[in-house]
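Undergrad:
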Amino acid sequence: MSKKTRIFLIDDHPAMRHGIAQLVAKENDLEVCGEAGNRHETLEAIKCTPPDFIVLDIALKDPDRTGLDLISEIHACVGPLPILIYSMHDEKIYAERALRAGARGYLMKQEPVRRIIDAIRGIINDGIYVSETISLRILLKHFESPCESQEPVTPEDCLSVREFEVFRLIGGGLQPREIAQKLCLSTKTVETHRMNIRKKLGMANASEVTRYAVERSHMRHQTS
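With the first letter of the sequence shown counted as 1, position 96 gets the number 567 in my numbering; the numbers rise by one all the way through.
Structural data, given as structure tokens:
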């Protein structure tokens, strides 16, 4: 019997991990070797027994780190393992960020749950898995901009994943306290992220950040 691909699940909802584990258990060549709900649990577990493959959610309940931030730490800990991002977050906003961060695929949780097996196999067999929509967007960007420069496409691409989440919510009209509640952060942490956003975008004050965030939000809605 050939060796099974050992999969580690990272999601802060135990029910979600259980559901994925049940799907994987039906496959003859795949098995779940462990699971975690946050950054600390993840790094402790994979140091002891490195998996072959990781399924990772973006929205972990860590105050300053997201699933995308965790990718580089996983790679530093156990090497460049294939990672599939499985998330509620809109792929049009986060898929390319995930790939730039080092993930090998992106799947939205709104897709039929069986699709996660297809995504895992797609990465194992072909090296990458994204939807046709994202694949087309990446191809179009390549042909429109053949230069291999790594410069950000938009100013906000310089933001960390958590800063970008705060930026998006500012653009949605939320106040710091509301953002803190939505992201399970303290208001002070949100204010710190907003200050970092202002500095990275080279803006004079919070009002300028808000105006720009709202403009970008309207542009995304018009193109989505």
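Where a beta carbon is used, it is the ideal one built from N, C-alpha and C, also for glycine.
Remember, predicted model here, so these are calculated numbers, not experimental data.
Can you list, in chain order, the stretches of the beta strand (DSSP E) that have 3 or more residues and sit fully within the region 490-546?
TA: List check, beta strand (DSSP E) in window: 501-507, 524-527.
Undergrad: Using alpha carbons as the reference points, say which of ASN509, VAL549, GLU506 lies closest to PRO521.
TA: Taking the sequence shown and counting its residues from 1, one reaches residue 521 at position 50. When only C-alpha atoms are compared, the closest one is VAL549.
Undergrad: Could you tell me how far apart the beta carbons of ILE605 and LEU555 are, in whole angstroms, since I believe they sit closer than 8 Å?
TA: Walking along the sequence shown from the start, residue 605 turns up at place 134. Walking along the sequence shown from the start, residue 555 turns up at place 84. Wrong, their Cβ atoms sit about 13 Å apart, outside the cutoff.
Undergrad: Report buried or exposed for ASP561, applying the criterion of at least 16 other Cβ atoms within 10 angstroms of its Cβ.
TA: Your numbering for residue 561 matches position 90 in the sequence shown. Its Cβ having fewer than 16 others within 10 Å, ASP561 is exposed.
Undergrad: Is the beta carbon of GLU567 less than 8 Å from the beta carbon of ILE609?
TA: Within the sequence shown, numbered from 1, the residue matching residue 567 stands at position 96. Within the sequence shown, numbered from 1, the residue matching residue 609 stands at position 138. In this structure, ILE609 lies closer than 8 Å to GLU567 by Cβ.
Undergrad: Quick check on ASN676: does DSSP put it in helix, strand or coil?
TA: In the sequence shown, residue 676 corresponds to position 205, counting from 1. Of the three classes helix, strand and coil, the one that applies to ASN676 here is coil, per DSSP.
Undergrad: Three or more C-beta pairs closer than 8 Å, one from the region 530-544 and one from the region 503-511: is that the case here?
TA: Verdict: yes, contact present.
Undergrad: Which residue comes first and which comes last in the beta strand (DSSP E) that contains LEU480?
TA: For the purposes of this step, residue 480 is identified with residue 9 of the sequence shown, where counting begins at 1. First-last of the beta strand (DSSP E) with LEU480: 476-481.
Undergrad: Tell me whether GLU622 is buried or exposed, calling it buried when 16 or more other Cβ atoms sit within 10 Å of its Cβ.
TA: Taking the first residue of the sequence shown as position 1, residue 622 is located at position 151. With a pLDDT of 45 at GLU622, under the threshold of 50, the predicted position of this residue should be treated as unreliable, and no value is reported.
Undergrad: Using the C-alpha atoms, what's the distance from ILE545 back to ALA569?
TA: By one-based count along the sequence shown, residue 569 stands at place 98. By one-based count along the sequence shown, residue 545 stands at place 74. The straight-line gap from Cα to Cα measures roughly 14 Å.
Undergrad: Any idea which residues DSSP pairs TYR577 with across the strands?
TA: Counting from one through the sequence shown, the residue named residue 577 turns up at place 106. DSSP output for TYR577 lists ILE556 as bridge partner(s).
Undergrad: Along the alpha helix (DSSP H) that carries GLY644, what are the first and last residues, could you check?
TA: Locating residue 644 in the sequence shown gives position 173, counting from the first residue. Here GLY644 belongs to no alpha helix (DSSP H), and DSSP marks it neither H nor E.
Undergrad: Whose CA, out of GLY490, CYS655, HIS689, lies closest to the CA of ARG713?
TA: Here the chain covers residues 472 to 695 and nothing more, so residue 713 does not appear.
Undergrad: Identify which residue in ASN596, TYR683, TYR557, SER473 has its Cα closest to the Cα of ARG585.
TA: One-based indexing of the sequence shown puts residue 585 at position 114. Selected option, being the one with the closest Cα: TYR557.
Undergrad: Verify whether the separation of the beta carbon atoms of ARG687 and GLY642 is less than 8 Å.
TA: Position 216 of the sequence shown, counted from the first residue, corresponds to residue 687. Position 171 of the sequence shown, counted from the first residue, corresponds to residue 642. Going by C-beta atoms, ARG687 is nearer than 8 Å to GLY642.
Undergrad: Enumerate in chain order the residues of its own chain whose CB-to-CB distance from LYS518 is below 8 Å, with the five nearest sequence positions on each side excluded.
TA: Against the sequence shown, residue 518 aligns to sequence position 47. The answer, listed in chain order, is CYS548, VAL549.
Undergrad: With a threshold of 16 other CB atoms inside 10 Å of the CB of GLY644, please say whether the residue is buried or exposed.
TA: Mapped onto the sequence shown, residue 644 falls at position 173. Classification for GLY644: exposed.
Undergrad: Which residue wins for smallest C-alpha separation from PRO626, given the options MET487, VAL601, MET674?
TA: In the sequence shown, counting from the first residue as 1, residue 626 sits at position 155. Closest option to PRO626, Cα to Cα, is MET674.
Undergrad: Which residue's Cα is closest to the Cα of GLY576: ILE591, LYS563, PRO583, GLU582?
TA: For this step, residue 576 is matched to residue 105 along the sequence shown. Checking every option, the nearest Cα to that of GLY576 belongs to ILE591.
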